[in-house]
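Structure first, then comments.
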Amino acid sequence: MQPKKKTLRPIVTGSSVLGIKYKDGVILASDTLGSYGSLARFRDIRRIVPITKHTVIGGTGEFSDFQEITKILRQKIIENQELVESGKEEDELLPSEIHSYLSRVLYGRRNKFNPLWNDVVVAGFEKGKVHMGTVDLWGSYFEDDIIATGYGTYFALPLMRKAYKKDMERDKALEVLRDCLTVLFYRDCRTINRYVFAEITKEGVNITDPVEIETKWEIADWQEGKL
Amino acid sequence: MFRTQYDSDISIYSPEGRLYQIEYAMQAVAQGSTALGLKSKTHAVVVTLMRSSDELSSHQRKIFKVDGHMGIAISGLTADARVLLKFMRNETLHHKFVYGSDLPTGEVVSSLAMKSQRNTQRWGRRPYGVGLLVIGYDGDKTHLYQTSPSGNCFSYYAQAIGSRSQSARTYLEKNFKAFPELGLEELVLHGVKALKESSGKETLTKLNVGIAVVGKEQKFEILKPNKVQTYLDQILQTEGEIEIENENENEKDEAAETLELKLD
Chain X
0 MQPKKKTLRP IVTGSSVLGI KYKDGVILAS DTLGSYGSLA RFRDIRRIVP ITKHTVIGGT
60 GEFSDFQEIT KILRQKIIEN QELVESGKEE DELLPSEIHS YLSRVLYGRR NKFNPLWNDV
120 VVAGFEKGKV HMGTVDLWGS YFEDDIIATG YGTYFALPLM RKAYKKDMER DKALEVLRDC
180 LTVLFYRDCR TINRYVFAEI TKEGVNITDP VEIETKWEIA DWQEGKL
Chain R
0 MFRTQYDSDI SIYSPEGRLY QIEYAMQAVA QGSTALGLKS KTHAVVVTLM RSSDELSSHQ
60 RKIFKVDGHM GIAISGLTAD ARVLLKFMRN ETLHHKFVYG SDLPTGEVVS SLAMKSQRNT
120 QRWGRRPYGV GLLVIGYDGD KTHLYQTSPS GNCFSYYAQA IGSRSQSART YLEKNFKAFP
180 ELGLEELVLH GVKALKESSG KETLTKLNVG IAVVGKEQKF EILKPNKVQT YLDQILQTEG
240 EIEIENENEN EKDEAAETLE LKLD
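So the protein lines, in turn, are chains X and R. Residue numbering for the first sequence follows numbering that gives the first Met the number 0, starting at 0 and increasing by one per position. Residue numbering for the second sequence follows numbering that gives the first Met the number 0, starting at 0 and increasing by one per position.
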């Protein structure tokens, strides 16, 4: 008899993914760390990846499962291309369809007690509008204008809710994200100070190279004149 | 020439490279009563002539809904059509469950074509003896497809299948260039007029004519008999006007003849 093989606990993990809608599109952000427990093991991984010309996904949780999800979705896109009559890129799977498909996959896995241990953000542009939402390891699906996974749910989401306005400007949206990422670096022990931003507009997807954001660590009590 | 030698099995080619069993299956489609389809930029319509085997029985239904955005009209073996209909309904429902969206008509027709082809290349199975006209609206476009027992499927601006369909097809060929810009009412009228060409001696009534529509902001709907009657009335009215016109022309001709005689 074969030994039971299923996910017991996550090993190499990614922390939060944040997403916010603005006037012309949506921006996602995450750091580039793959933690091995408390060890900051892999310091330049990509937790936000493109799936089609108009869709990206971002993943929190077990990184190998996130890689598997990326493979599954990209394979689905290829399979679908054969069916699409026109052969045109615009007629490929929409972000909302990818999102729906992924939720069915994750739900199916959870029913077998062998989940893909992730909280995935799916974001994209379809029919002139932004589509953004999440699916988690239990198969729960929802859509919203502001998204945060992992510790971001606790630290970033309240800040984003306060700052969010419908059709806000791009710079304001970036400012909100950078602010939340900074807070997360201060408070979440499984983060590093190196971030990637993914912007999706009607033109398509643009994922930046990693950048650093300044943080302040001086302890006020120990500074000259403050005590 | 050697037909009878090469037509007893689906897996035997004739010397001319034909599979007669498939052609015989297509003959079964041609035996069914007329079904025709036509589309504009915004709507797609099917019109059918429903036979009844005798006065006591109901008319054989030929139009079926597959999903909110798609439906079919059949010609041929109704029992086979039911199998294909179940398949199509399953496919559209599955797609909706997994992707949360309407299955594109072209995709389900492709799957159907594959399914039909399998039955032309398997021992112990026979081709489906039914032809379908599939109409649908998805991706902001109207679609009309014809499938056949051979497994071939094509997209059409307008098409007619079944017995005496050539007359309907001739009418559609004459008029199809105008279809894209037409509104729903005019499109249906063309469909009914085309059906009249194929109806032969049979009078069109609200009981033996079936009409279904689908399109932009129009879910697939099979029209009720009373609605069908309104289109039939419009046809009769126009016919009456044509008759009167013809009578007037005849009178003019007669007058010209008498004039000539007088001159002589």
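C-beta: ideal position from N, C-alpha, C; glycine also.
{"Item": "Nearest-angstrom Cα distance between Asp30 of chain X and Ala39 of chain X?", "Value": "12 Å"}
{"Item": "Pick helix, strand or coil for Leu188 of chain X, following the three-state DSSP scheme.", "Value": "Here residue 188 of chain X is Cys; the residue named in the question, Leu, does not match the sequence. Of the three classes helix, strand and coil, the one that applies to Cys188 of chain X here is coil, per DSSP."}
{"Item": "Rank X:Gly127, X:Ile68 and X:Glu78 by C-alpha distance to the C-alpha of Trp116 of chain X and give the top, closest one.", "Value": "X:Ile68"}
{"Item": "Return yes when the Cβ of Pro114 of chain X is within less than 8 Å of the Cβ of Thr6 of chain X, no when it is not.", "Value": "yes"}
{"Item": "Under the assumption that Pro148 of chain R contacts Gly128 of chain R (Cβ atoms under 8 Å), give the Cβ distance between them as a whole number of angstroms.", "Value": "6 Å"}
{"Item": "Can you name, in chain order, every residue of its own chain whose Cβ lies under 6 Å from the Cβ of Ile266 of chain R, other than the five neighbours on each side?", "Value": "Missing from the structure shown is residue 266 of chain R; chain R here goes from 0 to 263 and no further."}
{"Item": "Look at the Cβ atom of Gly24 of chain X, then the Cβ atom of Glu198 of chain X, and state whether they are nearer than 8 Å.", "Value": "yes"}
{"Item": "Count the C-beta pairs between the stretch 206-213 of chain R and the stretch 37-52 of chain R that are closer than 8 Å, then say yes if the count reaches three, no if not.", "Value": "yes"}
{"Item": "Note the first and the last residue of the continuous alpha helix (DSSP H) segment covering Gly57 of chain X.", "Value": "Here Gly57 of chain X belongs to no alpha helix (DSSP H); instead the beta strand (DSSP E) covers Thr54 to Glu61."}
{"Item": "In the DSSP assignment, what residue or residues form a beta bridge with Gln217 of chain R?", "Value": "R:Gly214"}
{"Item": "Please confirm if Glu106 of chain R has its CB atom under 8 Å from at least one CB of chain X.", "Value": "yes"}
{"Item": "In or out: Lys40 of chain R buried (at least 16 other Cβ within 10 Å) or exposed?", "Value": "exposed"}
{"Item": "Please confirm if Ser115 of chain R has its CB atom under 8 Å from at least one CB of chain X.", "Value": "no"}
{"Item": "Closer than 8 Å, CB to CB, is Tyr100 of chain X near chain R or not?", "Value": "yes"}
{"Item": "Nearest CA to the CA of Ala27 of chain R: which residue from R:Lys215, R:Gly67, R:Ser57 and R:Ala80?", "Value": "R:Ala80"}
{"Item": "Just checking Leu183 of chain R against the ligand GTP - is the residue's beta carbon closer than 7 Å to any of the ligand's heavy atoms?", "Value": "As far as ligands go, the structure on display features none, and thus does not contain the ligand GTP."}
{"Item": "How about Lys61 of chain R and Ala72 of chain R: are their beta carbons less than 8 Å apart?", "Value": "yes"}
{"Item": "Measure from the C-beta of Asp135 of chain X to each C-beta in chain R and report whether the shortest distance is under 8 Å.", "Value": "no"}
{"Item": "Exposed or buried, which one is Glu184 of chain R when buried takes at least 16 other CB atoms within 10 Å?", "Value": "exposed"}
{"Item": "Start and end of the beta strand (DSSP E) containing Lys20 of chain X?", "Value": "Val16 to Lys20"}
{"Item": "Spatial neighbours of Leu131 of chain R within its chain, please: CB distance less than 6 Å, with the 5 preceding and 5 following residues excluded, ordered by chain position.", "Value": "Ile71, Ile73 and Thr146"}
{"Item": "Going by DSSP in three states, Ile10 of chain X sits in which element: helix, strand or coil?", "Value": "coil"}
{"Item": "Given a cut-off of 8 Å, decide if Leu158 of chain X and Val182 of chain X are closer than it, judged by their beta-carbon atoms.", "Value": "yes"}
{"Item": "His130 of chain X: buried (16+ other C-beta within 10 angstroms of its C-beta) or exposed?", "Value": "buried"}
{"Item": "May I have the straight-line CA-CA distance separating Gly217 of chain X from Lys4 of chain X, to the nearest angstrom?", "Value": "Looking at the sequence itself, residue 217 of chain X is Glu, so the reference to Gly does not match. The alpha-carbon atoms of Glu217 of chain X and Lys4 of chain X are separated by roughly 48 Å."}
{"Item": "Within the 8 Å Cβ cut-off, does Arg103 of chain X reach chain R?", "Value": "yes"}
{"Item": "Would you say Glu198 of chain X lies against chain R (beta-carbon separation less than 8 Å)?", "Value": "no"}
{"Item": "Hey, Gln233 of chain R and Leu188 of chain R are a contact pair by Cβ (cut 8 Å); roughly how many whole angstroms apart?", "Value": "6 Å"}
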